[in-house]
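Trainee:
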Amino acid sequence: MSLPSVNRALYFIPRNIRNHLPVYTDFRTGGAQCFILIKNIQGNTPALAKDLTDSLFDSADPAASRMRVEQHSNRLVIKGARPDWKNRVVLWLRERGF
3 MSLPSVNRAL
13 YFIPRNIRNH
23 LPVYTDFRTG
33 GAQCFILIKN
43 IQGNTPALAK
53 DLTDSLFDSA
63 DPAASRMRVE
73 QHSNRLVIKG
83 ARPDWKNRVV
93 LWLRERGF
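So in the numbering used here, spot 98 of the sequence shown is number 100, and the numbers just go up one at a time.
(1) Could you tell me the boundaries of the alpha helix (DSSP H) in which Asp56 lies?
(2) Determine the DSSP secondary structure at Arg17, reduced to helix, strand or coil.
(3) Would the beta-carbon of Val91 fall within 8 Å of that of Leu58?
(4) Between the alpha carbons of Cys36 and Glu97, how many angstroms are there, rounded?
(5) Taking the alpha carbon of Asn42 as the reference point, which residue from Pro24, Val71, Gly99 has its own alpha carbon closest?
(6) As a quick exercise: from Gly99, Trp94, Gly82, pick the residue whose alpha carbon is nearest that of Ile38.
(7) Identify which residue in Ala11, Ile19, Gly45, Arg30 has its Cα closest to the Cα of Arg77.
(8) DSSP puts Leu39 in a beta bridge; with which residues?
(9) Helix, strand or coil, according to DSSP, for Arg98 in the structure here?
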């Protein structure tokens, strides 16, 4: 499922110096909590959060139902994530041309 061209123009995620997407995994409280960070978002961060939750994560999955996407200025924090979801986020962004 591809996004309409209108949503693509709402936000942009530039690559870092090493030509990687700025998607990172963060573990806290001794590895019990996993966060996925998407940094350096330019444009409409809430639109990116909505597109991620609507198209990437299956609402029938119990782990995805516990997930929360929080917006902090120019970054997104996906709380309640699993470590392997970072690769899904990167692939999702690459499919959309970032």
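For every residue, glycine included, the Cβ atom is placed at its ideal position computed from N, Cα and C.
This one's a predicted model, so the numbers in the text were calculated from it and none came from an experiment.
Mentor: The answer reads as follows:
(1) Counting from 1 along the sequence shown, the entry for residue 56 is found at position 54. Taken as a continuous stretch (DSSP letters only), the alpha helix (DSSP H) holding Asp56 covers 47–57.
(2) Here residue 17 refers to the residue found at position 15 of the sequence shown. Arg17 falls in the coil class under three-state DSSP.
(3) Position 89 of the sequence shown, counted from the start, is the residue given in the question as residue 91. Position 56 of the sequence shown, counted from the start, is the residue given in the question as residue 58. Cβ distance < 8 Å, so Val91 and Leu58 count as in contact.
(4) On the sequence shown, residue 36 is found 34 positions in, with the first residue counted as 1. On the sequence shown, residue 97 is found 95 positions in, with the first residue counted as 1. Using only the alpha carbons, I get a separation of about 24 Å.
(5) Your numbering for residue 42 matches position 40 in the sequence shown. Nearest C-alpha to Asn42: Pro24.
(6) On the sequence shown, position 36 is the one that residue 38 refers to. From the listed residues Gly99, Trp94, Gly82, the smallest Cα separation to Ile38 is found for Gly82.
(7) Start at 1 with the first residue of the sequence shown, and residue 77 comes out as number 75. Measuring from the Cα of Arg77, the nearest candidate turns out to be Gly45.
(8) Residue numbering aside, residue 39 sits at position 37 when the sequence shown is read from its first letter. Note: Leu39 sits in a beta bridge opposite Tyr26, Val79.
(9) Here residue 98 refers to the residue found at position 96 of the sequence shown. Three-state DSSP puts Arg98 in coil, outside helix and strand.
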